[in-house]
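Q: Residue numbers (this note's numbering): 28 to 960.
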């Protein structure tokens with residue numbers, strides 16, 4: 028029997044395993060055979076039995092003369108096909124085999140099909156095959172033990188190189204098999220740490236910089252480092268500490284006697300004090316930048332940690348780094364915490380919540396970020412700088428005006444407080460005559476009026492401060508001070524080319540029109556373009572995205588409101604870039620009404636505009652802010668709003684409700700989904716029927732006018748039946764005429780709009796019909812399986828498209844749906860807590876009760892999420908139905924990029940698609956097999 032080694036997050040099997048002798052683990056592809064199989068003596072056909080592998084306890088297959096290889100050959104063929112370069116994988120596998128080892132690890136064979144270095148290493152050192160094929164991640168102690176053994180066995184020079192090669196290849200194998208990039212770069216960095224530690228003298232501290240310091244190493248990265256040694260003269264150390272240590276009274280003198288320029292001519296290692304002094308006083312911009320990622324990596328770690336802490340607080344006014352933004356924010360947080368600990372958060376005018384510092388820190392951070400590009404912002408005066416920020420579109424005009432008024436009030440209040448005793452005080456008096464006098468000095472009637480005005484002002488300031496000071500994308504403006512787009516053609520074209528624009532010259536012409544300084548939106552886009560550029564670059568066609576942005580700009584014209592929405596919240600600017608980059612239909616909605624831009628900054632502004640809400644969903648989806656499940660919820664919420672509005676406008680004259688079915692009922696809509704509905708009314712006789720039908724017809728027309736497709740064909744008798752029925756009419760039909768598929772459709776039923784009580788009654792009646800109290804019969808299960816096969820056979824055209832038909836084909840959403848519904852029919856009749864119209868939620872509930880195997884639930888759930896994401900990615904552009912992955916490679920690449928794949932996007936996506944759908948089909952078959960057993 029095969030041994031299975033669990034590996035979390037994969038298919039339940041480790042990279043190496045025994046392969047059963049009696050049958051292959053997976054079927055060989057029809058007609059598939061490695062190139063040159065016949066010339067290699069027939070190993071593919073099992074002729075060369077003396078070369079067939081035996082899997083040993085270490086997971087490596089070695090030659091065994093008594094075992095046929097036909098089944099192993101079939102497994103290996105599939106692995107070759109899935110490798111990045113199947114032929115390279117085959118050739119490398121043979122070279123390693125000829126060296127004495129046969130590998131059956133999917134991860135390593137995939138690596139052999141990508142890395143010639145892997146093959147070369149294993150050919151030179153076949154004894155390392157088992158270690159490379161071991162997929163487990165090593166923690167730092169394990170790496171230290173491993174390298175120590177290598178050094179002891181081979182010596183320091185050879186041992187370090189052998190360890191690094193083996194360990195890097197092991198990580199690479201996991202990487203190609205789908206390991207998280209965070210884990211990969213961290214382990215490579217740990218490998219570097221272990222190597223340097225093994226070679227480092229005890230009295231030296233090694234500071235890692237750059238990618239190594241950030242634990243972000245690439246496979247072939249240089250390791251940037253700094254060497255520090257301890258102080259030679261404790262007396263000198265004490266002297267420097269005495270003079271330069273910060274106290275409550277400040278410092279005596281700044282010490283710089285020991286400083287000198289660094290660089291190649293400087294000593295390789297410096298003392299701790301000399302190094303800290305150099306970076307504080309004399310270092311170049313790039314050297315200071317390097318210190319952002321400083322980390323104690325090897326050698327004297329205690330000494331290294333002291334150095335890292337010493338360089339962390341420095342600010343770089345001549346060149347903004349990400350650390351500078353973080354430091355400004357951390358300083359503000361420390362001030363707030365200090366005031367909070369003293370219990371003065373609500374009473375100190377200067378540093379308290381919503382006080383003077385909130386205004387100043389927000390203005391100053393914006394000056395630091397934007398002033399490098401815009402000299403007009405370089406004023407030392409807070410109000411003058413705030414006015415410039417507003418004039419140039421960095422801050423919305425209403426926010427700037429409100430902040431200016433608040434700042435003036437707070438400064439006046441501060442002046443009043445300090446006038447009393449000529450002391451540097453910022454605290455409001457606790458009450459009594461002093462508080463009353465303070466209020467009156469400000470022209471207010473009494474202490475209560477002062478408190479109301481102070482509370483109003485500080486609440487307003489705090490809200491604006493948090494929007495400006497904690498803008499999540501402010502870091503995008505860090506780095507070198509590039510000229511703003513449209514100013515310097517050569518520099519802008521270079522920037523556009525670097526971002527992936529295919530025709531930078533033409534794109535520059537478009538961008539120059541977009542950022543026209545004579546328009547409000549032009550100023551705003553010019554300022555926030557660093558935020559928008561990465562999102563535009565991620566578009567399938569960045570140039571086309573820029574053209575769509577121009578269309579939005581033309582529609583905005585001279586309106587200040589939509590433009591200020593972007594100025595106030597750069598996140599809104601980023602979401603706009605994602606909209607124009609991903610969706611033509613959403614761009615059209617913005618052009619039709621530019622005020623919908625407000626929805627990108629605040630979804631409550633246009634809560635009654637369904638189209639604005641839909642634009643926001645597109646933006647958040649394209650920006651990957653929404654999971655596939657959350658996307659379905661969000662689209663369904665908009666659709667529910669459209670239906671509710673239609674019912675209100677239709678004004679039914681009888682109690683009337685809209686019932687959602689299918690994806691609408693399950694809250695799983697995609698961007699181009701039809702709204703499957705049924706209409707139910709309360710009443711008897713032909714007049715009430717006529718009123719119910721008329722209401723349904725009116726609702727359908729209103730929904731179509733709103734731009735949505737609506738379908739009522741799932742109602743009893745389909746198009747031949749009345750558009751609306753009473754509950755009694757539905758019950759009679761279900762009892763006498765309903766076919767199994769009709770009752771199955773009722774599993775995803777939800778009252779969507781109209782009379783709530785009537786909708787709940789319908790849901791209850793439908794559940795009684797949908798869920799059989801005694802569970803599903805074998806005949807019913809057989810019928811469902813036949814229905815699934817018939818759908819796949821008859822509706823997937825052409826048949827060869829089945830493998831990539833994600834709606835109805837092999838391993839598709841239909842497989843997930845049928846499996847989930849069969850399980851609900853089996854168990855939910857007796858357990859009402861299992862009942863839900865939502866596919867993924869049903870799977871999760873069944874798994875929680877252990878009514879379905881955990882691997883089956885995992886594979887079905889993973890497929891549902893992944894394929895729903897694929898469908899949305901294809902439909903978000905034109906809002907046109909999509910059912911299959913496009914065949915054209917360039918379209919597949921665009922799809923993969925839209926799904927967030929970055930490196931080798933098309934191949935990575937196809938690999939995931941094949942793996943996930945294969946597991947999905949296997950899980951669906953498992954569900955039906957258990958029911959029919």
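Virtual Cβ for every residue (Gly too), placed ideally from N, Cα, C.
Since this is a predicted model, take the numbers as computed values, not measurements.
Residue 672 lies in the alpha helix (DSSP H); which residues open and close that run?
A: Numbered from 1 along the chain shown, position 645 holds the residue referred to as residue 672. Looking at the DSSP string, the run of the alpha helix (DSSP H) that includes residue 672 is 655–677.
Q: Kindly list the residues whose CB is nearer than 7 Å to the CB of residue 903, restricted to its own chain and excluding five residues on each side of it in sequence; keep chain order.
A: Here the question's residue 903 lines up with position 876 in the chain shown. Contacts found: 609, 610, 645, 648, 649 and 698.
Q: For residue 687, decide whether its Cβ has a neighbour in chain C, counting only Cβ atoms nearer than 8 Å.
A: No chain C is part of this structure, which consists of one protein chain only.
Q: Could you pull out every residue in the same chain whose Cβ sits closer than 7 Å to the Cβ of residue 572, ignoring the five residues on either side in sequence?
A: Within the chain shown, numbered from 1, the residue matching residue 572 stands at position 545. Within the same chain, residue 572 has close Cβ partners 563, 566, 607 and 608.
Q: Mind reading off the beta-carbon distance from residue 183 to residue 215? Whole number of angstroms is fine, and I expect it under 8 Å.
A: For this step, residue 183 is matched to residue 156 along the chain shown. For this step, residue 215 is matched to residue 188 along the chain shown. The pair is not a contact, with the Cβ atoms about 21 Å apart (cut-off 8 Å).
Q: Buried or exposed for residue 120, going by 16 or more other Cβ atoms inside 10 Å?
A: Reading the chain shown from its first residue, position 93 is the one you call residue 120. Flag for residue 120 reads buried.
Q: Does DSSP put residue 163 in a helix, a strand or coil?
A: Working through the chain shown from its first residue, we reach residue 163 at position 136. The answer is coil: DSSP assigns residue 163 none of H, G, I, E or B.
Q: Please name the residue, chosen from 390, 463 and 444, that lies closest to residue 492 on a Cα-to-Cα basis.
A: Position 465 of the chain shown, counting from 1, holds the residue named residue 492. Taking only the C-alpha atoms, the option nearest residue 492 is 390.
Q: Let me make sure I understand the geometry here. Which of 387, 675, 393 and 392 has the alpha-carbon closest to that of residue 435?
A: Start at 1 with the first residue of the chain shown, and residue 435 comes out as number 408. Among 387, 675, 393 and 392, the Cα nearest to that of residue 435 belongs to 387.
Q: Give the secondary structure of residue 378 by DSSP, where H, G and I count as helix, E and B as strand, and everything else as coil.
A: Along the chain shown, one-based indexing puts residue 378 at 351. Coil.
Q: Return the first residue and the last residue of the beta strand (DSSP E) that residue 684 is part of.
A: Counting from one through the chain shown, the residue named residue 684 turns up at place 657. Where residue 684 is concerned, the enclosing beta strand (DSSP E) stretches over 683–687.
Q: Helix, strand or coil: which one does DSSP assign to residue 96?
A: Position 69 of the chain shown, counted from the first residue, corresponds to residue 96. Low per-residue confidence applies at residue 96: pLDDT is 33, beneath 50, and the placement is therefore not dependable, though the value from the model is reported in the following sentence. Note: residue 96 maps to coil in three-state DSSP.
Q: Just confirm the distance between the C-beta atoms of residue 906 and residue 612, as a whole number of angstroms; I'd bet it's less than 8 Å.
A: To locate residue 906, count along the chain shown from 1; it is residue 879. To locate residue 612, count along the chain shown from 1; it is residue 585. About 4 Å separates the CB atoms of residue 906 and residue 612; that is less than 8 Å, so the two are in contact.
Q: Between which two residues does the beta strand (DSSP E) harbouring residue 962 extend?
A: The question about residue 962 has no answer here: the residues shown for the chain are numbered 28 through 960.
Q: Just the Cα atoms here: how many angstroms apart are residue 825 and residue 913?
A: Your numbering for residue 825 matches position 798 in the chain shown. Your numbering for residue 913 matches position 886 in the chain shown. Each residue's alpha carbon lies about 13 Å from the other.
Q: Give me whichever residues DSSP pairs with residue 704 in a beta bridge.
A: Here residue 704 refers to the residue found at position 677 of the chain shown. Residue 704 is bridged to 687.
Q: If you draw a straight line from the C-alpha of residue 369 to the C-alpha of residue 444, how long is it?
A: Indexing the chain shown from 1 puts residue 369 at position 342. Indexing the chain shown from 1 puts residue 444 at position 417. The alpha-carbon atoms of residue 369 and residue 444 are separated by roughly 19 Å.
Q: Rounded to the nearest angstrom, how far is the Cβ of residue 617 from that of residue 643, given a contact under 8 Å?
A: If you number the chain shown from 1, residue 617 lands on position 590. If you number the chain shown from 1, residue 643 lands on position 616. So it is not a contact: roughly 11 Å between Cβ atoms.
Q: What would DSSP say about residue 812, mapped onto helix, strand or coil?
A: For the purposes of this step, residue 812 is taken as residue 785 along the chain shown, with counting starting at 1. DSSP places residue 812 in helix when its eight states are reduced to three.
Q: Assess contact between the segment 670–683 and the segment 725–736, defined as three or more Cβ pairs (one per stretch) separated by less than 8 Å. Is contact present?
A: Counting Cβ pairs under 8 Å, three or more are found: they touch.
Q: Can you give, in chain order, each stretch of the alpha helix (DSSP H) that sits fully within the segment 592–617 and has at least 4 residues?
A: 597–609
Q: Given a cut-off of 8 Å, decide if residue 958 and residue 853 are closer than it, judged by their beta-carbon atoms.
A: Taking the first residue of the chain shown as position 1, residue 853 is located at position 826. Taking the first residue of the chain shown as position 1, residue 958 is located at position 931. Note that the C-beta distance between residue 853 and residue 958 is below 8 Å.
Q: Below 8 Å on the Cβ atoms is my contact criterion, and I expect residue 944 with residue 837 to pass it. Report the Cβ-Cβ distance as a whole number of Å.
A: Locating residue 944 in the chain shown gives position 917, where the first residue counts as 1. Locating residue 837 in the chain shown gives position 810, where the first residue counts as 1. The Cβ separation is near 6 Å, so the contact holds.
Q: If contacts are defined as beta-carbon pairs under 8 Å, then residue 593 and residue 555 qualify, I think. What distance do you get, rounded to the angstrom?
A: The residue you call residue 593 lines up with position 566 of the chain shown. The residue you call residue 555 lines up with position 528 of the chain shown. That belief holds up - the Cβ atoms of residue 593 and residue 555 are roughly 6 Å apart, short of 8 Å.
Q: Which of the three DSSP states is assigned to residue 525 in this structure?
A: Walking along the chain shown from the start, residue 525 turns up at place 498. Three-state result, residue 525: helix.
Q: Can you list, in chain order, the residues of its chain with a C-beta nearer than 7 Å to that of residue 4? Leave out the 5 residues immediately preceding and following it.
A: As displayed, the chain neither begins before 28 nor continues past 960, which places residue 4 out of reach and without an answer.
Q: Which ranges would you report for the alpha helix (DSSP H) in the segment 824–888 if only whole runs of at least 4 residues count?
A: 840–854 and 866–875
Q: Can you give me the C-alpha to C-alpha distance between residue 338 and residue 528, rounded to a whole angstrom?
A: Here residue 338 refers to the residue found at position 311 when the chain shown is read from its first residue. Here residue 528 refers to the residue found at position 501 when the chain shown is read from its first residue. Roughly 39 Å separates the two Cα atoms.
Q: Could you name the residues of the same chain whose beta carbon sits closer than 6 Å to that of residue 834, not counting the 5 residues immediately before and after it, in chain order?
A: Working through the chain shown from its first residue, we reach residue 834 at position 807. 840 and 910, listed in sequence order.
Q: In three-state terms, what does DSSP make of residue 946?
A: Here residue 946 refers to the residue found at position 919 of the chain shown. Correct three-state label for residue 946: helix.
Q: Could you spell out the range, first to last residue, of the alpha helix (DSSP H) harbouring residue 416?
A: Walking along the chain shown from the start, residue 416 turns up at place 389. Start and end: 409–418.
Q: Name the DSSP beta bridge partners of residue 231, please?
A: For the purposes of this step, residue 231 is taken as the residue at position 204 of the chain shown. Paired residues: 256.
Q: From this set, 748, 381, 157 and 109, which residue's C-alpha is nearest residue 129's C-alpha?
A: As a working note, residue 129 is residue 102 in the chain shown. Ranking the options by Cα distance to residue 129, first place goes to 157.
Q: Helix, strand or coil for residue 801? Go by DSSP, reduced to three states.
A: Translated into positions along the chain shown, residue 801 becomes position 774. DSSP places residue 801 in coil when its eight states are reduced to three.
Q: Checking 8 Å against the spacing of the C-beta atoms, do residue 951 and residue 858 come in under that value?
A: In the chain shown, the residue the question calls residue 951 occupies position 924. In the chain shown, the residue the question calls residue 858 occupies position 831. No; because the gap between Cβ atoms is not below 8 Å, this pair is not in contact.
Q: Considering only C-alpha positions, which residue in the set 424, 163 and 197 is nearest to residue 144?
A: Taking the chain shown and counting its residues from 1, the one referred to as residue 144 is at position 117. Nearest in C-alpha terms to residue 144, of all of 424, 163 and 197, is 197.
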